[in-house]
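Novice: Chains as they are written, first to last, in our numbering: chain Z, 1 to 209; chain U, 1001 to 1184; chain V, 2001 to 2366; chain F, 3001 to 3375. Don't be surprised by glycine CBs; every beta carbon is placed ideally from N, CA and C. Here the structure is a predicted model, which means the values were calculated and not measured.
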Amino acid sequence: MEVKKAAATTPPEAETKAPTEVAVEAAPGTLRKSGVEIEAERLRPVQVEPGKALYRQVLPGVLQVPADLVIAAARKSSLWPMTFGLACCAIEMMATYMSHHDLDRFGIVPWASPRQADVMIVAGTVTKKMAPAVKLLYEQMPNPKWVISMGACATNGGPYTRYDRVLQGVDKIIPVDVYVPGCPPRPEALMDGLIALQNKIMEERKKIG
Amino acid sequence: MSPEELQEAPVVPPPAGSVADLFVAVLPDVEFQATQGALDVILTVDRGDVVRILRAARDDPRLDFKYLRCLSGVDHMEAGLEVVYHLYSYTHKHNVTIKTRLPQDDPSVPSVTSIWKGANWHEREAAEMFGIFFEGHPNLVPLLLPEDMTDHHPLRKDSPLAEIEEWQAERAGLAAGETGEAEE
Amino acid sequence: MIGDNVWLDAFVRLLAVLGLAILVVLILTYVERKFVGRIQMRLGPMRTGPYGILQSLADTVKLVVKEDLRPASADRWLFELAPIAAFVPAFAVLVALPFTDSWGVRVLNLGLFYVVAVSGLSVLGYIMAGWASDNKYALLGAMRSAAQLISYEIPVVLALLALAMVAGSLNLVQIVEAQGRVPFIVWQPLGFFIFMAGMLAETSRRPFDIPTAESELVGGPSIEYSGIRWSILFAFTEYSSMFGLSVFGALIFLGGWNWPLGLDLGWWWQLILIFVKATLLIMATLWMSATFPRLRIDQLMGFCWKLLLPVAFLQIFFNGLILVYKWPDWALLLTSGAALVLTAFLIYDATRVRVPVRSAARGVTS
Amino acid sequence: MTVEQEHELDTLEINVNVGPQHPATHGVFRMVLAIDGEKVIDLVPHIGYLHRGAEKLSENLDYRQAIGLQDRTEYLAAFNAEFCYVMAIEKLAGIEVPERAEYIRVILAELNRITSHYMFMGAFSTDIGVFGTAFTYGFREREYIQDLFEEVSGDRMMYGYFRPGGVAWDVPDNFKERVRWVCRQTRVGISDIDGLLTNNEVFVARTRGIGAISLENAIDYGLSGPVLRACGLKVDLRREEPYSIYDRFDFDIPTGERGDSFDRYLVRLEEMRQSVRIVEQAVEQMPDSGPILPEKVPRRLRCPPGEVYMRAENPRGEYGIYLVSKGGDKPYRLKIRSPSYCNLMALKEMTVGHYVADAVVVLGSIDIVLGEVDR
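Set out below in structure tokens:
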């Protein structure tokens, strides 16, 4: 089995139905690309295609309004983030799950596999080596999905922004819904970000498929 | 800081009875320059002697440096690259720092992985960060950087910091592309 | 009996049990989060409805309307059928359980045998899921769950056989009635211990959760599933089999619908009593799963084959002896209790810290 | 007709990729396991997913500005990392530290060692499979100490409180009472964790004999900290080369015997108790008033040319700062010798031959911090 091909994520070989694909290695036989080209290819942003939900195609228009409301309320009450810590912010994220702050009160429980996750909390510095994995994880999550960029590093590179192996913000590769400032953000700030995301889900309930 | 402002540390001979004397006793035929650093004695050796000295340092019971604390590379620009070995002995409780200079155009030095297994990752790191070639290293592939993007060595002095993105630079009052010396 | 049509009657009863299963799963997921939350000094769900009681409803709605992904490299039919294959046996267990002395979907003469046989079948669903996902973690998890579930069937079957010898029947209703005022847990404590271990293994709860080990296999066979299929494979199967086995355990070990003092207050109270007893078992399961670490696969197998299986055989042997020579009932308790004490000692002995713990760290210090 | 010679059953090794996103990798570590059934027969670690150039950036920052990067490098024991860094500058520039500042630093650094070990207890038990219960226990106690840190420094994690020559500002007035309270609370918390884990049969069965490494190998790989002490070598830089004021305190150095995961756990547990002892002594000895910075620290700190390798005993082992100065107000070269990086080197040695589930336990027992591994 090839080891390198697995783009370094759980589930390693899984390809998703998501529209873009991650080029991990140049095909054998082709001319070896320079580092810059490889990097540009790896860091190409994810294309988001809006889909239309099944219930919108099936239900008559009159019923769609309450259906929207119920579904959006259910979604906002059961946001399952992926357990996905990158750096220092992950410690504060864990502290938020723990007994002092307890995100479970909001119905937020972490799940290990991206397939069961709704929201991705990018907690920490995204380096260019890690970026393809982050992108793949995002693509492995089923729709509808949201991204919270936690902390200065995920937002724009933070204190490390000038080092050229660091991505200057995770929004370069995946779309971000809520930015939480801080280095690292306090648990209260993260909770505030999650509540902001809940409000956003309620406000945008018509748009999301 | 411009290259002209750089000052080299003065050479202070270590006090009598220090580790340097032990090295003289163990290896009488090897030349080195001894300096007293802020904490430890620093020996500067020729790169051809590195393996011999370090092997003696580890195996000779008078020295007994079983513990390789750290292995670092330093870029001295025109003066060449430098590999620094920090050693410690658990039995005699003494320290020593051994340095060797390599020219910029041929930065290669024998590997010490055969002496300490712990040198493995340190050497790989120095190799990718400074472009130093460690002869005889079993697996000298990049460790921290992606394996297929080895165009440049980030910790060398000629490797610039990344440009701040335009919108960030505008807010910070910097012109885009200004690096390094901007806030001096 | 509703009407004269047997088929209609069976259908209505099935629907009632299915509704019950769904309701129980909803309640159980909520209760688990609250209960484990309290153990961990947290509150658990609070914001969705008063005290978060709508939490599992919100989770369900969200999972139903979530995108249902199938990896491109997955085996299509196996992948889509696996959740059903896992859920059907878990549901089929409920069909044979009598909830009162007169109400069950079907009361089978071989009820005990049926429950044990059918509950083991859900391993098929896990293997299908693990194989079809085309993911190494899922495959490892499926292999582990196959090894675990099949191994634990054997001591459980032997323990239940010993119990059936005492009861003299395989019919669940008759077993409950045979218990009378003293439930079988008193006469067969070892059997109950083995049954609990088997139940934890069957439902993949800690310390036997190696098929889904989150810190190693990230979820095991269910790793690639999302949305409704995941909730069937994971939540429905796990919780309804937990519920089914708890009711089963309450029937055969805790005396079913018999009040301890021999009262009989009608079917309504019997139903309540069954649920209370099943809840006790479920709570014990949750408690264990919140505090125990996970065993390793070889330790798990060793526990099953080297410890549980021999003592289960021992139990059958002693029961046979006692029943044939018509020794009094307390001999059952004596032998079973002694075997349980032996088991506990063996577990303790195998994991004992030989050097006293305090001095292990402090022993060599200055 | 002859019977064909019987072949052995062919088995296929499979490679399992663990990480960089995996619940047990403590961040973004990645390892590729070659497994035969459930046995690990080879392990290839991959790091660098968090390599963000703390060393390079420090060369472009003022001596004091780079303190912030030390916090973010060793984010579970930030005070200890700052401590080592400012001591390196002090050694190089020859700055004397006032008495009171030394005590404040030692108290905070030892408390931070306790929080770091709490984090280890939680993460390690989760690796073994406890469903977060030990984690919440550990984090509850950790938060109490975190609150104290916040009162002193103003931040929960990235303190930036130590300065070359002392500390940035004075501690609150009720500092001593707070520290005493935290010490009492910590003793309770340690016994909670002890009771939950140490005598748990499954915990012992999962950790005893797992990931053992011999003392010779451990020294050869350059291991340090609790991982080395678990092998039986009684070394602690606080005793060996006493820096700061550690020679004034009475404390024990716990050591193990077998060098396995269980011993590492026990050593850390005992170290927490010893840290509490140090803190209690330090609070008693600490002067009530006095300067916290020497009088003449220049606004723009410049170090004379020279170099120093300063090392300190951090929760994870020997934390070293190799600082080269060529004059000027910036480090010419700053190398961080991070203990997790060196300890991680021996992961293959410890893991091969065990089961897949043990690979996770061994990784947890080393207690890595990825920020420090990749820098």
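#1: Do the CB positions of residue 3161(F) and residue 1072(U) come within less than 7 angstroms of each other?
#2: Which complete beta strand (DSSP E) runs does the segment 2211–2250 of chain V hold, if anything under 3 residues is left out?
#3: Pull out every residue of the segment 1132–1166 of chain U whose Cβ sits closer than 7 angstroms to any Cβ of chain F, in chain order.
#4: Could you give the first and the last residue of the continuous alpha helix (DSSP H) run that contains residue 2326(V)?
#5: Measure from the C-beta of residue 107(Z) to each C-beta in chain V and report whether the shortest distance is under 7 angstroms.
#6: Are any of the Cβ atoms in chain F nearer than 7 angstroms to that of residue 2215(V)?
#7: Smallest Cα separation from residue 2221(V): which of 2096(V), 2130(V) and 2322(V)?
#8: Relative to chain Z, which residues along the segment 3056–3074 of chain F have a C-beta separation below 7 angstroms, given in chain order?
#9: What runs of the beta strand (DSSP E), each 3 residues or longer, lie entirely inside the segment 2033–2071 of chain V?
#10: Using a beta-carbon distance cut-off of less than 9 angstroms, what residues from the segment 2111–2136 of chain V approach chain Z?
#11: Could you check which residue in 2035(V), 2133(V) and 2235(V) has the C-alpha nearest to that of residue 3133(F)?
#12: Quick check: the Cα distance between residue 3216(F) and residue 3048(F), rounded to an integer number of angstroms?
#13: Where does residue 2016(V) land, buried or exposed, given buried means 16+ other C-beta within 10 angstroms?
#14: Quick check on DSSP: helix, strand or coil for residue 1073(U)?
#15: Taking Cβ positions, are residue 162(Z) and residue 3051(F) nearer each other than 7 angstroms?
#16: May I ask you to report which of helix, strand or coil DSSP gives residue 127(Z)?
#17: Under DSSP, the alpha helix (DSSP H) around residue 2267(V) begins and ends at which residues?
#18: Use the C-beta contact count for residue 2254(V): other C-beta atoms within 10 angstroms, 16 or more gives buried, fewer gives exposed.
#19: Could you pull out every residue in the same chain whose Cβ sits closer than 7 angstroms to the Cβ of residue 97(Z), ignoring the five residues on either side in sequence?
#20: For residue 23(Z), which residues from the same chain have a beta carbon less than 6 angstroms from its beta carbon, with the 5 sequence-adjacent residues on both sides left out?
#21: DSSP three-state call for residue 1120(U): helix, strand or coil?
#22: Under a CB-based cut-off of 7 angstroms, is residue 2083(V) close to chain Z?
#23: Considering only the alpha carbon of each residue, which of 2203(V), 2219(V), 2190(V) and 2268(V) lies closest to residue 2334(V)?
#24: Under 8 angstroms: do the segment 3151–3160 of chain F and the segment 3171–3185 of chain F share three or more Cβ pairs, one atom per stretch?
#25: Check for me: the beta strand (DSSP E) holding residue 186(Z) runs from which residue to which?
#26: Using a Cβ-Cβ cut-off of 7 angstroms, state whether residue 3139(F) counts as contacting chain Z.
#27: Buried or exposed: where does residue 57(Z) fall if 16 or more other Cβ atoms within 10 Å of its Cβ makes it buried?
#28: Under a CB-based cut-off of 7 angstroms, is residue 3366(F) close to chain U?
#29: Going by beta carbon distance, what residues of the same chain come within less than 8 angstroms of residue 3229(F), once the five residues before and after it are set aside?
#30: For the structure I just gave you, are there three or more beta carbon pairs, one from the segment 2071–2085 of chain V and one from the segment 2101–2119 of chain V, closer than 8 angstroms?
#31: I'd like to know whether the C-beta atoms of residue 3317(F) and residue 3337(F) end up nearer to each other than 7 angstroms.
#32: Under DSSP, the beta strand (DSSP E) around residue 3214(F) begins and ends at which residues?
#33: Quick one: give me the first and last residue of the alpha helix (DSSP H) that residue 3112(F) is part of.
#34: According to DSSP, is residue 2009(V) helix, strand or coil?
#35: Are the CB atoms of residue 190(Z) and residue 178(Z) within a distance shorter than 7 angstroms?
#36: Confirm, please, whether the CB-CB distance from residue 3120(F) to residue 3358(F) is below 7 angstroms.
Specialist: Reading from the atomic positions:
#1: No, these two residues do not count as a Cβ contact at 7 angstroms.
#2: For the segment 2211–2250 of chain V, not a single whole beta strand (DSSP E) run of length 3 or above is found.
#3: Per Cβ criterion, the list reads 1143, 1144, 1145, 1154, 1155 and 1161.
#4: Residue 2326(V) -> no alpha helix (DSSP H), and no H or E assigned at all.
#5: In terms of beta-carbon proximity, residue 107(Z) lines the interface with chain V, with at least one pair separated by less than 7 angstroms.
#6: Output row for residue 2215(V): interface = yes.
#7: Closest option to residue 2221(V), Cα to Cα, is 2130(V).
#8: Correct list: 3056, 3057, 3068, 3069 and 3072.
#9: Qualifying beta strand (DSSP E) stretches: none in this window.
#10: With the criterion set as a beta carbon lying under 9 angstroms from some beta carbon of chain Z, the members of the segment 2111–2136 of chain V are 2133, 2134, 2135 and 2136, in sequence order.
#11: Checked all of 2035(V), 2133(V) and 2235(V); the closest Cα to residue 3133(F) is 2035(V).
#12: The alpha-carbon of residue 3216(F) is positioned some 28 angstroms away from that of residue 3048(F).
#13: By the neighbour-count rule (16 or more Cβ atoms within 10 Å), residue 2016(V) is not buried but exposed.
#14: The DSSP-derived three-state label of residue 1073(U) is strand.
#15: For residue 162(Z) and residue 3051(F), no; Cβs fall outside 7 angstroms.
#16: Residue 127(Z): strand per DSSP, three-state reduction.
#17: For residue 2267(V), the enclosing alpha helix (DSSP H) covers residues 2267–2291.
#18: Under the 10 Å beta carbon count, residue 2254(V) is surrounded by 16 or more other beta carbons and is classified as buried.
#19: Cβ neighbours of residue 97(Z) beyond the five flanking positions: 103 and 110.
#20: Because residue 23(Z) carries a pLDDT of 39, less than 50, the predicted location of this residue cannot be relied on, and no value is offered for it.
#21: Note: residue 1120(U) maps to helix in three-state DSSP.
#22: Not an interface residue.
#23: Nearest option by C-alpha distance: 2190(V).
#24: Enough Cβ pairs lie closer than 8 angstroms, so yes.
#25: Neither: residue 186(Z) is in no beta strand (DSSP E) and is coded neither H nor E.
#26: Against chain Z, the CB of residue 3139(F) has a partner CB under 7 angstroms away; the residue lies at that interface.
#27: Exposed, by the Cβ-count rule.
#28: Not one chain U Cβ lies under 7 angstroms of residue 3366(F).
#29: Excluding sequence neighbours, residue 3229(F) sits near 3235, 3236, 3253, 3254, 3255, 3256 and 3267.
#30: At 8 angstroms Cβ cutoff, the stretches do not touch.
#31: Against a cut-off of 7 angstroms, the Cβ pair of residue 3337(F) and residue 3317(F) comes out as no contact.
#32: It is not in any beta strand (DSSP E) - residue 3214(F) carries neither H nor E in the DSSP assignment.
#33: Following the DSSP letters along the chain, one finds residue 3112(F) inside the alpha helix (DSSP H) bounded by residues 3099–3128.
#34: Helix.
#35: Result no, Cβ atoms of residue 178(Z) and residue 190(Z) do not sit closer than 7 angstroms.
#36: Not closer than 7 angstroms, so no.
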